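In this note's numbering, the protein residues as written are 409 to 557.
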């Protein structure tokens, strides 16, 4: 009976203890990589193709990046519908707020939203945007612009 009581007490106390298993120091920098239009199917196809062509000894750089850092997925459906465009999808990524088609950096009512770049700049952090498309394209623009098309 004493064993059961002790086990129950320990289990009860553990419910209220905060855990941070495997977490190191707070990161100094954050790098956000966006594969615009690249869903899990495209990533899986690339990994399987590389595995077939090169074997497991030569993983893709993308696989190394995913294994070394934190990887997340985001459903970027827009406000009021499940079909999205680049502007509303990137706004959801940059600000965490759903919006309508052709709106960058604003919510569905046209109110300006703070992006993660805005917040970083307010905290005196450096912000850089690198893109293989023009900077006025919806995906990179959503991190610094606030416009309705």
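From the three backbone atoms N, C-alpha and C, an ideal C-beta is built for every residue, glycine too.
This one's a predicted model, so the numbers in the text were calculated from it and none came from an experiment.
Quick check on residue i: does DSSP put it in helix, strand or coil?
i, result
"residue 491", "coil"
"residue 499", "helix"
"residue 520", "strand"
"residue 514", "strand"
With the cut-off set at 8 Å, would you say residue i and residue j are in Cβ contact?
i, j, result
"residue 518", "residue 550", "no"
"residue 554", "residue 520", "yes"
"residue 523", "residue 503", "yes"
"residue 454", "residue 473", "no"
Measure the beta-carbon distance from residue i to residue j and round it to whole angstroms, keeping in mind my assumption that it falls under 8 Å.
i, j, result
"residue 509", "residue 493", "5 Å"
For the region 524-555, which segments carrying the alpha helix (DSSP H) assignment without a break, of at least 4 residues, lie completely within its bounds, in sequence order?
-> 524-530 and 546-549
Counting only runs that start and end within the region 429-475, where is the alpha helix (DSSP H) found for 4 or more residues in a row?
-> If we require 4 residues or more, the alpha helix (DSSP H) runs fully inside the region 429-475 come out as 448-462.
Indicate whether the contact test is met: 3 or more Cβ pairs, each with one atom in the region 535-550 and one in the region 495-502, closer than 8 Å.
-> Between the region 535-550 and the region 495-502 there are three or more C-beta pairs closer than 8 Å, enough to call the two in contact.
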